[in-house]
Amino acid sequence: MSETPHRYTAELADRVEVAWQDRWEEEGTFRAPNPAGPWADPEGVACRGPNGKLLVLDMFPYPSGAGLHVGHPLGYIATDVFARYHRMLGENVLHCLGYDAFGLPAEQYAVQTGQHPRKTTEDNIVIMKRQLRRLGLGHDDRRAVETIDPAYYRWTQWIFLQIYDSWYDETAARPDGGLGKARPIADLVAQFEAGERPVPGEDGRGWIDLSAAERGEILDSYRLAYTTEAPVNWAPGLGTVLSNEEVTNEGRSERGNFPVFKKNLRQWMMRITAYADRLADDLDRVDWPEKVKAMQRNWIGRSQGARVGFPVVGSGESIEVFTTRPDTLFGATFMVVAPEHPLVDGLVPQGDWPEGTKPEWTGGAETPAAAVAAYRRATSRRSDVERQMEGKDKTGVFTGAYATNPVNGQAVPVFVADYVLASYGTGAIMAVPGQDERDWDFAKRFDLPIIRTVRPAEGHDPDTAYTGDGPAVNSANDEISLDGLGVAEAKERIVAWLEDKGAGHGTINYKLRDWLFSRQRYWGEPFPVVFDEDGVSHALPESMLPLELPDVPDYSPRTFEPEDDSSEPEPPLGRVTEWVEVDLDLGDGIRHYRRETNTMPNWAGSCWYFLRYLDPANDEAFVDPANEAYWMAPQANPVEGAPVGTVDPGGVDLYIGGVEHAVLHLLYARFWVKVLHDLGHLTSEEPFRRYFAQGYIQAPAYTDGRGTYVEASEVEETVPAIGGEPVFTYRGEVVTREFGKIGKSLKNMVSPDDMYRAYGADTFRLYEMGLGPLEHSKPWDTRAVVGSQRFLQRVWRNVVDEETGALVVSEEAPSDELNRLLHKTIDAVRRDFATLGFNTAIARLTELNNALTKLEAAPRAVVEPLVLMLAPLAPHIAEELWSRLGHPDSLAYEPFPVADPELLVDATVTCVVQIKGKVRDRVDVPADITEGALRELVLALPKVEQAIAGGVRTVVVRAPKLVNVVPA
RNA sequence: GCCCCCGUAGCCCAACCGGCAGAGGCAGCCGACUUAAAAUCGGCCCAGUGCGGGUUCGAUCCCCGUCGGGGGCACCA
Numbered sequence: 001m002s003e004t005p006h007r008y009t010a011e012l013a014d015r016v017e018v019a020w021q022d023r024w025e026e027e028g029t030f031r032a033p034n035p036a037g038p039w040a041d042p043e044g045v046a047c048r049g050p051n052g053k054l055l056v057l058d059m060f061p062y063p064s065g066a067g068l069h070v071g072h073p074l075g076y077i078a079t080d081v082f083a084r085y086h087r088m089l090g091e092n093v094l095h096c097l098g099y100d101a102f103g104l105p106a107e108q109y110a111v112q113t114g115q116h117p118r119k120t121t122e123d124n125i126v127i128m129k130r131q132l133r134r135l136g137l138g139h140d141d142r143r144a145v146e147t148i149d150p151a152y153y154r155w156t157q158w159i160f161l162q163i164y165d166s167w168y169d170e171t172a173a174r175p176d177g178g179l180g181k182a183r184p185i186a187d188l189v190a191q192f193e194a195g196e197r198p199v200p201g202e203d204g205r206g207w208i209d210l211s212a213a214e215r216g217e218i219l220d221s222y223r224l225a226y227t228t229e230a231p232v233n234w235a236p237g238l239g240t241v242l243s244n245e246e247v248t249n250e251g252r253s254e255r256g257n258f259p260v261f262k263k264n265l266r267q268w269m270m271r272i273t274a275y276a277d278r279l280a281d282d283l284d285r286v287d288w289p290e291k292v293k294a295m296q297r298n299w300i301g302r303s304q305g306a307r308v309g310f311p312v313v314g315s316g317e318s319i320e321v322f323t324t325r326p327d328t329l330f331g332a333t334f335m336v337v338a339p340e341h342p343l344v345d346g347l348v349p350q351g352d353w354p355e356g357t358k359p360e361w362t363g364g365a366e367t368p369a370a371a372v373a374a375y376r377r378a379t380s381r382r383s384d385v386e387r388q389m390e391g392k393d394k395t396g397v398f399t400g401a402y403a404t405n406p407v408n409g410q411a412v413p414v415f416v417a418d419y420v421l422a423s424y425g426t427g428a429i430m431a432v433p434g435q436d437e438r439d440w441d442f443a444k445r446f447d448l449p450i451i452r453t454v455r456p457a458e459g460h461d462p463d464t465a466y467t468g469d470g471p472a473v474n475s476a477n478d479e480i481s482l483d484g485l486g487v488a489e490a491k492e493r494i495v496a497w498l499e500d501k502g503a504g505h506g507t508i509n510y511k512l513r514d515w516l517f518s519r520q521r522y523w524g525e526p527f528p529v530v531f532d533e534d535g536v537s538h539a540l541p542e543s544m545l546p547l548e549l550p551d552v553p554d555y556s557p558r559t560f561e562p563e564d565d566s567s568e569p570e571p572p573l574g575r576v577t578e579w580v581e582v583d584l585d586l587g588d589g590i591r592h593y594r595r596e597t598n599t600m601p602n603w604a605g606s607c608w609y610f611l612r613y614l615d616p617a618n619d620e621a622f623v624d625p626a627n628e629a630y631w632m633a634p635q636a637n638p639v640e641g642a643p644v645g646t647v648d649p650g651g652v653d654l655y656i657g658g659v660e661h662a663v664l665h666l667l668y669a670r671f672w673v674k675v676l677h678d679l680g681h682l683t684s685e686e687p688f689r690r691y692f693a694q695g696y697i698q699a700p701a702y703t704d705g706r707g708t709y710v711e712a713s714e715v716e717e718t719v720p721a722i723g724g725e726p727v728f729t730y731r732g733e734v735v736t737r738e739f740g741k742i743g744k745s746l747k748n749m750v751s752p753d754d755m756y757r758a759y760g761a762d763t764f765r766l767y768e769m770g771l772g773p774l775e776h777s778k779p780w781d782t783r784a785v786v787g788s789q790r791f792l793q794r795v796w797r798n799v800v801d802e803e804t805g806a807l808v809v810s811e812e813a814p815s816d817e818l819n820r821l822l823h824k825t826i827d828a829v830r831r832d833f834a835t836l837g838f839n840t841a842i843a844r845l846t847e848l849n850n851a852l853t854k855l856e857a858a859p860r861a862v863v864e865p866l867v868l869m870l871a872p873l874a875p876h877i878a879e880e881l882w883s884r885l886g887h888p889d890s891l892a893y894e895p896f897p898v899a900d901p902e903l904l905v906d907a908t909v910t911c912v913v914q915i916k917g918k919v920r921d922r923v924d925v926p927a928d929i930t931e932g933a934l935r936e937l938v939l940a941l942p943k944v945e946q947a948i949a950g951g952v953r954t955v956v957v958r959a960p961k962l963v964n965v966v967p968a
């Protein structure tokens, strides 16, 4: 029998923690009341949230087969601490966690193990739930939604139909004064029917004259969710197509790293480009890390410029280019079109090279047609990876055609080159080598003329393009002169001139493309859409939702050789004929339809899960409007740092998660929320009002001589002689240490289960929060966890006798000094919790506790606030101590200690005396000493008198803390 | 190549508005407890802020340059 049976050990922590987790669950401690909906509890809202509400959110976790590692809970603990703190401030806090359970990894795992993805997914969720529960997170357990639940994806499908049944009206006024918003497609049909809007098409037929198929095609060109045949990213190794956001720079799939090919396929798209401006502009209205905003702005890639037509010599055609530098038009000495540009065929003249063709322009071919054909063939065969590898060496051939520069009538040669991208701008450029590095390189390579139209700054290398600002030169014709103007003004002038001449117009261009929304996989939400015999799509009525994913014997996708770009996607649902072929009555009697066999990407479920958290039991609506407004509505004051006059967009109060979703999930969710807002379903215009990007927990990983990772847990460390570097060995072989993301691939998994066992959840929580700032990536060090345990042991010992279990706090009042320390600690900890500075909060609490440890017995008047302040970080031990201190109720809603401002300042402070900025003396003075008195007092100090024997130049007084004397 | 962030003790990190470089933890060392060890407890040691300039009475903090680390973008016209 141990002599200290009541010591705070891992075993004791385990008992205490599990007991409190049970009690929280039984009492529904963290269930947040809703104002409306099926759980309407307005009274609960009123008494639980006298100080308002708080919606705290974690990124939607994917239940992986490997279970959690110690990196996963970092954000969950942080939000939990924040949420618990705010509950103690008297706010109604909603914090919960659900599961994003559709998607590729689950399906691949299922295929590997021969089990149904539903089975493996559900098993994984069970494991993850157990691991998370053991962490002691204060989640509202009723709100743990799962995307694979038909009661959930019914609403994912419903939202899809809202988007499908909408179009973007550029001219519609928004409440915020801007123009453009989503409207029901029925409004558009009404406009066509009434003749208020011209029906697209050249034959002048009216809406009623069109066939159903023709109408369907026109509507598809407006719908925010539509099918179209377009070049898409096809990954044969995955058996599915992917969105642009899911393809890496190297032209491979983000998941699985398979090669991706461009292929023309009919696919579902989301018209996210309609929202490009608002998605870019509204970043000013949210509180996000600047780097994430920058990444989104970058991805949207808005650039202001002009479109200019260059008439092709000897043809009625004109090549339209996009340029951000219309001010440099006079320096456009040639043009380049992308190899895939549809105009190329029409450009190339029959017969021989024209007069003036330089030998290097021909690519060695006899005729322009041969040269262009050969070049196009060569580029189409090269993958993006190969183009990348070739660096920036410019290639291309002359098309044999010339086009006329509209500002000076010069005929300039037109080239085909792959440095111009078909997918950006108009797929054609005017080349201005004097002011563009890429054009400069091309001009040098192909011996083309270079005209500078901006005078380079002093010291500019004359052998390079000049892209900076400066006065225009060589930029005049009979009607207009830009000479002498700066870039900005020159742009304005020339655009006005072009518009006047009808040669071009100012415009805005975006890098953002529409979002490819279908996948040829089984494990996803089915599209609530059917096609009739003409191929026209029809929405299923709401009454037919959810359209359940059929249980099929063969759910594995057809995958191909990763390099086989001739393959075609084959969705698994396409094999379920009895499901695909249906007879339905959609309003004009029973007819035969074919279901959509693609499924949605797993971003679909995560685009709106936070809305379902608000009202998960509602089967009348995806969320009750009153609940949405309560938790998400725009607030009276905009976020800090927003431009003056900003109207708050509303949204989740705090969202914490890794930065890896900066342009995927975060952009998609913003888009959906904006559409739903436009359609009147949401008060909020943004999903995430405040987003905080957490750092990663990194762990040591070890490689052997061949560079292969070895199991980190089996590596031994030996520290040789003093001062020597530690040596790491694995099975006798010396290995090299590095730090990286925790996971299977680096073989450095550390499971939270091990931490619970060895230390308990509170110690683990404290360790992760105490490591350093939340936004930093930090190395995991299992050996260091013990420090957090020691702290909790010392706290415990200040309250409980380790031998008898008796309460040992003193009922005597604390000393003035201790009381002041307590109040300073309260003040600091409150500030730290508010700003997510958990590491410094822990340091302050440790300091306060260390002061108690030195006493014979810790006074209750200090212990109780200490326990309350510790509660958000280490809730189990805090609950246990609180209970032992004689409080029967959970402390979850106990008011957080308040600092007395009187006690934050000491009666006397130490004033630093500097001479010429160097500390030379210090003196204790009353805290409220006046500047004059302090000055006199310091000047009378012996050391100072000595130093200023030769006179005084200045005396800087910062009462009461500092005086700096500068002798003459 | 361009843009952003970060360099403080052996390691992770503090330092309010430009005002004494150190709060907390790990590791190390010494001591207490122990037959011993582990655990625990008490104590100690350790940097002048990557480097070079500048502004200032005074710089970890502001400015310029430079080196190192991390991240983003990368023919986007």
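Numbered continuously in full-length UniProt numbering, the first sequence closes out at residue 968. Cβ coordinates follow ideal geometry from the N, Cα and C atoms, glycine included. Predicted model, so just to flag it, every value in this text is computed and none were measured.
Quiz item: Taking C-beta to C-beta, are VAL308 and GLU320 nearer than 9 Å?
Solution: A contact, by the Cβ cut-off of 9 Å.
Quiz item: Unbroken beta strand (DSSP E) runs of length 3 or more, entirely within the region 428-470: which are they?
Solution: Taking 3 residues as the minimum length, the beta strand (DSSP E) runs contained wholly in the region 428-470 are 428-431, in order along the chain.
Exercise. State whether the region 329-348 contacts the region 396-414, with contact taken as three or more CB pairs (one from each stretch) at a distance under 8 Å.
Key: Taking 8 Å as the limit for Cβ pairs, the verdict is that the region 396-414 does touch the region 329-348.
Quiz prompt | Local Cβ density within 10 Å of MET544, reported as buried at 16 or more and exposed below that | solution = Result: exposed.
Self-check item: Counterpart residues of ASP924 in DSSP-defined beta bridges
Solution: Its beta-bridge partners are THR910.
Quiz item: Does DSSP put THR399 in a helix, a strand or coil?
Solution: The DSSP-derived three-state label of THR399 is strand.
Quiz item: With distances taken between CB atoms, is the gap from ARG302 to ASN509 smaller than 9 Å?
Solution: Yes.
Exercise. For ASN51, name the three-state secondary structure that DSSP assigns.
Key: ASN51 falls in the coil class under three-state DSSP.
Quiz item: How about PRO339 and ASP565: do their beta carbons lie closer than 9 Å?
Solution: The Cβ atoms of PRO339 and ASP565 do not sit closer than 9 Å to each other.
Practice problem: Using a threshold of 9 Å, state whether the C-beta atoms of ILE929 and ALA959 are closer than that. | Solution: Judged by their CB atoms, ILE929 and ALA959 are nearer to each other than the 9 Å cut-off.
Quiz item: Using the rule of at least 16 other Cβ atoms within 10 Å of the residue's Cβ for burial, across every protein chain shown, is GLU91 buried or exposed?
Solution: When all chains shown are included, GLU91 counts as buried.
Practice problem: Check whether the region 854-866 touches the region 819-832, taking contact to mean three or more Cβ pairs, one atom from each stretch, closer than 8 Å. | Solution: Under the three-pair Cβ rule at 8 Å, the region 854-866 counts as touching the region 819-832.
Exercise. Return yes when the Cβ of ALA13 is within less than 9 Å of the Cβ of GLY760, no when it is not.
Key: Going by C-beta atoms, GLY760 is nearer than 9 Å to ALA13.
Exercise. May I have the straight-line CA-CA distance separating THR9 from GLN793, to the nearest angstrom?
Key: The alpha-carbon of THR9 is positioned some 8 Å away from that of GLN793.
Quiz item: Can you give the Cα-Cα distance for VAL800 and ALA861, rounded to whole angstroms?
Solution: VAL800 and ALA861: Cα-Cα distance of roughly 16 Å.
Self-check item: Nearest-angstrom Cα separation, counted from THR121 out to GLN112
Solution: Spanning the two alpha carbons is a distance of roughly 13 Å.
Exercise. For GLU733, write down the residues that DSSP places opposite it in a beta bridge.
Key: DSSP lists TYR730 as the bridge partner or partners of GLU733.
Exercise. Could you spell out the range, first to last residue, of the alpha helix (DSSP H) harbouring ALA874?
Key: From DSSP, ALA874 is part of no alpha helix (DSSP H); its letter is neither H nor E.
Quiz item: Where does PRO638 sit, in a helix, a strand or coil, going by DSSP?
Solution: In the structure shown, the three-state DSSP call for PRO638 is coil.
Practice problem: Buried or exposed for LYS291, please, with buried defined as at least 16 other CB atoms from any protein chain shown within 10 angstroms of its CB. | Solution: It is exposed - the Cβ of LYS291 has fewer than 16 other Cβ atoms within 10 Å.
Quiz prompt | Every unbroken beta strand (DSSP E) inside the UniProt domain "Methionyl/Leucyl tRNA synthetase" (60-164) [3 residues or more] | solution = Taken in chain order, the unbroken stretches of beta strand (DSSP E) that lie wholly in the UniProt domain "Methionyl/Leucyl tRNA synthetase" (60-164) and span 3 residues or more are 92-95.
Quiz item: How about PRO42 and PRO35: do their beta carbons lie closer than 9 Å?
Solution: Cβ distance < 9 Å, so PRO42 and PRO35 count as in contact.
Exercise. Could you have a look at THR9 and say whether DSSP puts it in helix, strand or coil?
Key: DSSP places THR9 in coil when its eight states are reduced to three.
Quiz prompt | Secondary structure, alpha helix (DSSP H): runs of 4+ residues fully inside the region 801-848 | solution = Taking only runs of at least 4 residues, the alpha helix (DSSP H) segments lying wholly in the region 801-848 are 816-834.
Self-check item: Beta-carbon contacts of PRO814 that lie in its chain and below 6 Å, excluding the five residues immediately before and after
Solution: Taken in chain order, the residues that qualify are PRO859, ALA861, VAL862.
Quiz item: Can you tell me whether DSSP reads PHE415 as helix, strand or coil?
Solution: Note: PHE415 maps to strand in three-state DSSP.
Quiz prompt | Closest residue to ARG558 among GLY504, TRP353, ARG31, GLU107 (Cα-Cα distance) | solution = Taking only the C-alpha atoms, the option nearest ARG558 is GLU107.
Quiz item: Using the C-alpha atoms, what's the distance from GLU170 back to ALA617?
Solution: So the alpha carbons of these two residues sit roughly 36 Å apart.
Quiz prompt | Reduced DSSP secondary structure (H/G/I, E/B, other) of ASN244 | solution = DSSP places ASN244 in the helix class (H, G or I) of the three-state scheme.
Quiz item: What residue from PRO779, LEU482, ARG48, PRO571 has the CA that sits closest to TRP523's CA?
Solution: Proximity to TRP523 across PRO779, LEU482, ARG48, PRO571 peaks at PRO571, based on C-alpha coordinates.
Practice problem: Give the single residue among GLY589, LEU584, TRP603, ALA604 whose Cα lies nearest to the Cα of ARG595. | Solution: Considering only alpha carbons, the answer is LEU584.
Quiz item: Which whole-angstrom value describes the C-beta separation of CYS96 and ALA144, a residue pair presumed to lie in contact below a C-beta threshold of 8 Å?
Solution: Contact between CYS96 and ALA144 holds: their C-beta atoms lie close to 6 Å from each other, under 8 Å.
Quiz item: Going by beta carbon distance, what residues of the same chain come within less than 7 Å of GLY256, once the five residues before and after it are set aside?
Solution: So the qualifying residues of the chain are GLY237, LEU238.
Quiz prompt | Other residues of its chain near ALA968: CB distance less than 7 Å, five sequence neighbours each side excluded | solution = Contacts found: GLY950, GLY951, VAL952, ARG953.
Exercise. Note down the Cα distance separating ILE877 from ALA871, rounded to an integer number of angstroms.
Key: The alpha-carbon separation between ILE877 and ALA871 amounts to approximately 8 Å.
Practice problem: Buried or exposed for THR853, please, with buried defined as at least 16 other CB atoms from any protein chain shown within 10 angstroms of its CB. | Solution: So THR853 ends up on the exposed side.
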